[in-house]
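Down below is the structure, laid out as structure tokens.
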Amino acid sequence: MIRVLDQKKILLGVSGSIAAYKAADLASKLTQAGAIVKVVLSPAAKKFITPLTFQSVTGQKTYTDEDLWSGEGHVLHIGLGMETDLMVVAPASADTIARLAHGLADNFLCLAALTVHCPIIVAPAMDSGMYTHPATQANLTILRERGMIFVGPAEGRMASGLVGLGRMVEPTELFGMIRYVLGREGDLKGKHIIVTAGGTAEPIDAVRAITNRSSGKQGFAIAQAAIDHGADVTLIAANTSLTTPVGLKRINVITAREMQGQIMNAIQNADALIMAAAVADFQPEKSEIQKIKKEEGIPEIRLTYTPDILGEVSQYREKTGFPKIVVGFAAESQNLIRNASQKLESKNLDLIVANDISASDAGFAVDTNRVTLIHKNGKVEPYPLMHKEDVAELIIDRLVQLFQE
Ligand code: CTP
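So that you can map any letter, position 331 of the sequence shown is 336 in the numbering used here, and since no number is skipped, the others follow by simple counting.
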């Protein structure tokens with residue numbers, strides 16, 4: 006279950022395109038995340054996919070034009086419109102986009118779009134020539150000005166075999182946009198939150214580096230949870246190829262020094278910094294521009310300290326008051342509470358997320374984590390093994406509380 010989606014009523018309008026199969030995947034993902042997904046198929050969509058497909062993955066009724074003309078038809082679309090939290094039209098064909106732009110109501114999908122009082126996300130899917138046609142572009146402009154939110158289309162191979170702009174975006178991207186739109190009025194609306202993730206890499210030479218096993222998963226999950234709560238998020242990511250959550254600003258860095266520079270730049274006026282990145286503590290004193298060759302013998306690598314980023318953040322905060330809240334992490338292999346409490350104090354944090362990295366199922370490079378939250382006032386909250394997404398929700402919940410205090 007994903008909290009921002011739980012029990013949300015989503016109306017998915019599917020129009021006539023081969024990308025309709027992707028809509029079935031989207032409906033399934035949304036349902037698994039806790040949303041109540043009702044689907045409306047346009048007459049052309051029914052040629053590509055059946056109501057049964059959607060009913061099977063959503064457990065809800067899927068509507069077609071036959072329902073519109075059945076006994077309950079005249080109230081059905083109004084009722085659906087009133088209860089819907091978010092409408093998604095995916096795939097949106099050129100024909101459906103034209104109908105929506107001109108307010109036509111000659112099929113259930115378009116009728117529903119006229120009755121909802123919620124945001125509408127549209128994922129176009131068509132041949133690139135049709136997409137770039139002035140008629141379609143003019144229709145898109147009308148809908149954009151009316152506040153509809155467009156995702157895609159993407160570039161790639163289309164049904165015709167041609168390559169171009171016109172593919173419907175992948176369900177995961179739409180899913181991210183749905184989370185973003187549903188969350189944007191959340192309890193962190195208007196708050197600028199910086200999240201760091203991943204592990205820094207300190208170069209030895211042109212190809213080698215000192216790094217650590219951090220995957221970035223926990224930091225990315227925190228960034229996503231902050232978006233779910235409506236925050237304006239900057240994610241500073243070190244050496245991770247994880248997919249960027251929809252709706253945030255991502256800055257990629259490699260070294261601790263680069264991360265320090267980006268953080269110091271971003272924290273001016275920031276409301277919170279969540280320092281989930283595993284920053285290297287040591288870096289080679291100098292890094293060779295060229296690759297060190299084996300025949301030169303075993304190199305001696307002298308190390309120095311990397312900048313203590315949270316230390317510098319703490320000094321900046323004393324002077325300026327920003328960021329208002331700082332959350333740190335403590336990766337410990339022994340004396341978890343004692344070591345983490347010391348870090349909370351020495352780094353002047355509001356909250357520290359301590360995790361025992363000696364366990365194989367928690368901490369670095371796995372999907373689960375076992376954390377203990379230690380607050381500035383001395384409160385200690387131990388938690389069992391949880392998914393990193395749930396840990397992220399927990400941390401963001403505590404952040405919301407800190408803002409309220
Ligand atoms: N951190 C930092 N700058 C560094 C190293 C770490 O800001 N140069 C941050 C990490 O992002 C984390 C917190 O400090 O939020 C604690 O990191 P950790 O590596 O556990 O602690 P250290 O202070 O480096 O102490 P040690 O490695 O000796 O346990």
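For glycine and all other residues, C-beta sits at the position ideal for the given N, C-alpha and C.
Note that the structure is a prediction, hence the values are computed from the model and not measured.
For the 7 Å CB-CB criterion, arginine 218 and phenylalanine 369 form a contact. At least one heavy atom of the ligand CTP sits closer than 6 Å to the Cβ of leucine 315. Threonine 101 sits buried, since 16 or more C-beta atoms from the chains shown fall within 10 Å of its C-beta.
Following the DSSP letters along the chain, one finds arginine 375 inside the beta strand (DSSP E) bounded by residues 373-380. Spatial neighbours of proline 389 in its own chain (CB-CB distance under 7 Å, excluding positions within 5 residues in sequence) are listed in chain order as Arg375.
Closer than 6 Å to some heavy atom of the ligand CTP: that does not describe the Cβ of alanine 106.
In this structure, threonine 201 sits near methionine 280, with a CB-CB distance shorter than 7 Å. Excluding its 5 nearest sequence neighbours in each direction, proline 304 has C-beta neighbours in its own chain below 6 Å: Ile297, listed in chain order.
In this structure the region 186-194 does not touch the region 205-220; the number of beta carbon pairs closer than 8 Å is below three. If you draw a straight line from the Cα of phenylalanine 408 to the Cα of serine 319, it comes to about 18 Å. In the three-state reduction of the DSSP assignment, glutamate 394 falls in the helix class, which pools H, G and I. Here the distance from the Cβ of aspartate 286 to the nearest heavy atom of the ligand CTP is below 6 Å.
According to DSSP, valine 93 shares a beta bridge with Leu17 and Ile126. Inter-residue distance for serine 22 and valine 251 is about 24 Å (C-alpha atoms, whole angstroms). DSSP places isoleucine 198 within a strand segment (E or B) once states are collapsed to three. Given a length threshold of 3 residues, each whole run of the beta strand (DSSP E) inside the region 245-271 is given here in chain order: 254-258. By the criterion of a C-beta distance shorter than 6 Å, aspartate 11 is surrounded in its chain by Gly39, once the five residues flanking it on both sides are discounted. Per the C-alpha coordinates, the member of Glu300, Glu71, Gly204 and Asp90 positioned closest to lysine 14 is Asp90.
If you look at glutamate 337, you'll find it in the beta strand (DSSP E) that goes 330-337. When only Cα atoms are considered, valine 212 and glutamine 295 end up about 8 Å apart. Residue side-chain check: alanine 359 keeps its Cβ at 6 Å or more from all non-hydrogen atoms of the ligand CTP.
Classified as exposed, histidine 392 has fewer than 16 neighbouring CB atoms from the shown chains inside 10 Å of its CB.
In this structure, methionine 173 sits near alanine 24, with a CB-CB distance shorter than 7 Å. Phenylalanine 113 is not a Cβ neighbour of valine 62, given a cutoff of 7 Å.
Here isoleucine 232 has Arg184, Tyr185, Gly188, Val238, Pro250, Gly252 and Leu253 as same chain residues with Cβ atoms under 7 Å from its own Cβ, once five neighbours each way along the sequence are excluded.
In the same chain as aspartate 210, and ignoring 5 residues on each side of it, the C-beta atoms closer than 8 Å to its own belong to Ser292, Glu293, Ile294, Gln295, Lys296 and Ile297, in chain order.
Within the chosen limit of 6 Å, the ligand CTP does not reach the beta carbon of glycine 203 with any heavy atom.
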